[in-house]
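For the record, the sequence lines run as chains X and Z. If you number the first sequence the way our numbering does, the last residue is 206 and the count never jumps. If you number the second sequence the way our numbering does, the last residue is 206 and the count never jumps. Glycine residues also receive a C-beta, built at the ideal position from the N, C-alpha and C atoms. Quantities reported herein were computed from a predicted structural model and do not represent experimental measurements.
Number of protein chains: 2
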Amino acid sequence: MSWNPEHKARSRQRILTTAARLFAQQGFDQVSIDQVMREAGMTRGAFYAHFSSKSELYGEAILATAHAARDKHVQGTSATQQQLERIIGVYLSEEHLSGETLHCPLAFLVSDIAQRDDQVRDIWTRVFRGLVDIVGGNGEDYSHALERVVLMVGGVAIARALNDDDLSKQLLDTCRVAVLSERQATSGDNHTDRADHDEGKPQKIA
Amino acid sequence: MSWNPEHKARSRQRILTTAARLFAQQGFDQVSIDQVMREAGMTRGAFYAHFSSKSELYGEAILATAHAARDKHVQGTSATQQQLERIIGVYLSEEHLSGETLHCPLAFLVSDIAQRDDQVRDIWTRVFRGLVDIVGGNGEDYSHALERVVLMVGGVAIARALNDDDLSKQLLDTCRVAVLSERQATSGDNHTDRADHDEGKPQKIA
DNA sequence: GTCTATAACTGGATAGAC
DNA sequence: GTCTATCCAGTTATAGAC
């Protein structure tokens, strides 16, 4: 069985989506290659036909998650103002924390990344820049975009760590209000179209 | 050797400070009990005379770090306005990221905590509330204190993950300015004295 | 209280059959 | 390309000597 050309690509995709989910929920160390492959319907030996190491899989999974989120939430080259407000609302929602949906590797893996090799950290940094570009639109200055992304990514990361649902909810609400209100406080004009963010990716959401 | 009553307390303290440093730098999984005990000048077998599990050590190390930071930076029952501004400056500094100094478990372990058991997560949540109380002073409303702590903890966590020193520095600067300026924007009066924050602990800094 | 020694297990990674 | 079998390094935890 399975010598047709597209079979490998499908297998790889199954491995990636499974790994992305597991890594986001449990981090790098607590996910085993065996676990990923079993849930993807294969055995451990087959893994090395697709990736050369666990670390490479980790980076590719982060990238795949970011691509999927961008394709889902940003059509064309840039998000409109309306799309942007919706993204912020979904990102800073309780569903983002506990749903079956995919989770943002920026928030869910932030303190996992500092321990990883340069290749993985470069990917994460690129994805981070991609989200700043999207959230910043293009008109406002970079610092304000950075601040809002810190409230988004930091807010979700902290809300997920807290062992108190009420406090988590209050914190998400606070961050959502802050991100949305700070936007209109700094500049009235936003959105438009930009053409270049190359390999910059947005976050992960629904 | 070593049957005097204080010897055990000193051993425990050495284990705790060693563990706190290693955990903050490398996370729960990548630190072994053997490594902690060796660096503390003992062998693995001795560990279980002090703690019943690695997870218990993890929680106690977080708590010990928070206590040490509070004792160092907050004298009396509450921080003055001047102390507070200094704390924020030190917290959102490059030295906090890479120095030999102790690191804040809130920022360095934020996405590590979500994977741990309830006992550890409760401790982390308590320490988080402690920092909110300190940063919030007492006059301003809780939401603004939450927002500023998100900028502090989230900012440091993200700056540590980024593999680009310039961007890290810019992000820390942005967060520092935002935390300090947002404070005076919300309420003119701050600081005073409060008597109860019980087990709430501040962060970790210098 | 601290040590050595070891049990029982799981991890990533490779070799070779099909 | 995927499988089974295996190697080897590392983990937590316990038993028992001193």
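> Can you name the start and end residues of the alpha helix (DSSP H) that Gln81 (chain Z) belongs to?
Replying inline: Gln81 to Tyr91
>> Alpha carbons only, please: which of X:Leu131, X:Ala107, X:Leu172 and X:Thr65 is nearest the one belonging to Ile15 (chain X)?
In response: Comparing Cα positions, the closest option is X:Thr65.
>> I'd like to know if Ser11 (chain X) contacts chain Z, where contact means its C-beta is closer than 7 Å to some C-beta of that chain.
In response: no
> Does any C-beta atom of chain Z lie closer than 7 Å to the C-beta of Ala61 (chain X)?
Replying inline: no
> Is it the case that the Cβ atoms of Val135 (chain X) and Val149 (chain X) are separated by a distance below 7 Å?
Replying inline: yes
> Can Ile33 (chain Z) and Ile123 (chain Z) be called in contact, C-beta distance under 7 Å?
Replying inline: It is not a contact, given that the beta carbons lie outside the stated cut-off.
> Buried or exposed: which applies to Ala46 (chain Z), given that a residue is buried once 16 or more other Cβ atoms fall within 10 Å of its Cβ?
Replying inline: exposed
>> Distance check for Gln119 (chain X) and Leu162 (chain Z), CA to CA, integer angstroms please.
In response: 12 Å
>> So for His103 (chain X), helix, strand or coil by DSSP?
In response: Coil.
> Along the chain, where does the alpha helix (DSSP H) that runs through Arg14 (chain Z) open and close?
Replying inline: Run containing Arg14 (chain Z): Pro5 to Gln26, per the alpha helix (DSSP H) assignment.
> Taking the C-alpha atoms as reference points, what is the distance between Gln25 (chain X) and His96 (chain X)?
Replying inline: 12 Å
>> Counting only Cβ-Cβ distances shorter than 7 Å, please list the residues of the stretch 130-163 of chain Z near chain X, keeping chain order.
In response: Ser143, Leu146, Glu147, Val150, Leu151, Val153, Gly154, Gly155, Ala157, Ile158, Arg160, Ala161, Leu162 and Asn163
> Going by beta carbon distance, what residues of the same chain come within less than 6 Å of Ser168 (chain X), once the five residues before and after it are set aside?
Replying inline: Ala159 and Leu162
> Quick one: is Asp193 (chain X) buried, meaning 16 or more other Cβ sit within 10 Å of its Cβ, or exposed?
Replying inline: Since pLDDT at Asp193 (chain X) reaches only 42, below the 50 mark, its modelled position is unreliable, and no value is offered.
> Any C-beta of chain X sitting closer than 7 Å to the C-beta of Ser111 (chain Z)?
Replying inline: Yes - at least one Cβ of chain X is within 7 Å of the one on Ser111 (chain Z).
> Would you report the Cα separation of Met37 (chain Z) and Ser52 (chain X), rounded to the nearest angstrom?
Replying inline: Pairing Met37 (chain Z) with Ser52 (chain X), the inter-Cα distance amounts to about 34 Å.
> Hey, is Phe108 (chain X)'s beta-carbon within less than 7 Å of any beta-carbon in chain Z?
Replying inline: yes
>> Classify Arg10 (chain X): buried if its beta carbon has 16 or more other beta carbons within 10 angstroms, exposed otherwise.
In response: By the 10 Å Cβ count, Arg10 (chain X) comes out exposed.
> If you scan the stretch 22-81 of chain Z from start to end, which runs of the alpha helix (DSSP H) of 4 or more residues do you find wholly inside it?
Replying inline: Segments of the alpha helix (DSSP H) lying fully in the stretch 22-81 of chain Z: 33-39 and 54-73.
> Helix, strand or coil for Ala178 (chain Z) per DSSP?
Replying inline: helix
>> Just to confirm before moving on: does the CB-CB distance between Gln115 (chain X) and Gly27 (chain Z) stay below 7 Å?
In response: yes
> Cα-Cα, which of X:Ile87, X:Ala145 and X:Asp165 is closest to Ser98 (chain X)?
Replying inline: X:Asp165
> By the 10 Å Cβ neighbour count, where 16 or more other Cβ atoms means buried, how is His73 (chain Z) classified, buried or exposed?
Replying inline: buried
>> So that I know if they touch, is there some Cβ in chain X lying closer than 7 Å to that of Thr18 (chain Z)?
In response: no
> Which bits of chain Z does Arg121 (chain X) rub up against, with CB to CB less than 8 Å?
Replying inline: Going along chain Z in sequence order, the residues near Arg121 (chain X) (Cβ under 8 Å) are Ala161, Leu162 and Asn163.
>> Helix, strand or coil, according to DSSP, for Glu140 (chain X) in the structure here?
In response: coil
>> Taking the alpha-carbon of Ala49 (chain Z) as reference, which of Z:Arg12, Z:Glu85, Z:Gln83 and Z:Ala20 has the nearest alpha-carbon?
In response: Z:Arg12
> Per DSSP, what kind of secondary structure is Ala114 (chain X) in: helix, strand or coil?
Replying inline: Ala114 (chain X) falls in the coil class under three-state DSSP.
> Just the Cα atoms here: how many angstroms apart are Val90 (chain X) and Phe108 (chain Z)?
Replying inline: 26 Å
>> So, with DSSP's three-state summary, where would you put Leu285 (chain X)?
In response: The question about residue 285 (chain X) has no answer, for chain X in this structure spans 1 to 206.
> His7 (chain X): buried (16+ other C-beta within 10 angstroms of its C-beta) or exposed?
Replying inline: exposed
>> Can you list, in chain order, the residues of its chain with a C-beta nearer than 6 Å to that of Ala145 (chain X)? Leave out the 5 residues immediately preceding and following it.
In response: Val132, Val135 and Gly136
> Going along chain Z, which residues have a C-beta under 7 Å from Ala178 (chain X)?
Replying inline: Glu147
> Given Tyr142 (chain X), which residues of its chain have a CB within under 7 Å of its CB, disregarding the five upstream and five downstream residues?
Replying inline: Only residues of its own chain outside the window of five on either side were considered, and among them Gly136 have a CB closer than 7 Å to the CB of Tyr142 (chain X), listed in chain order.
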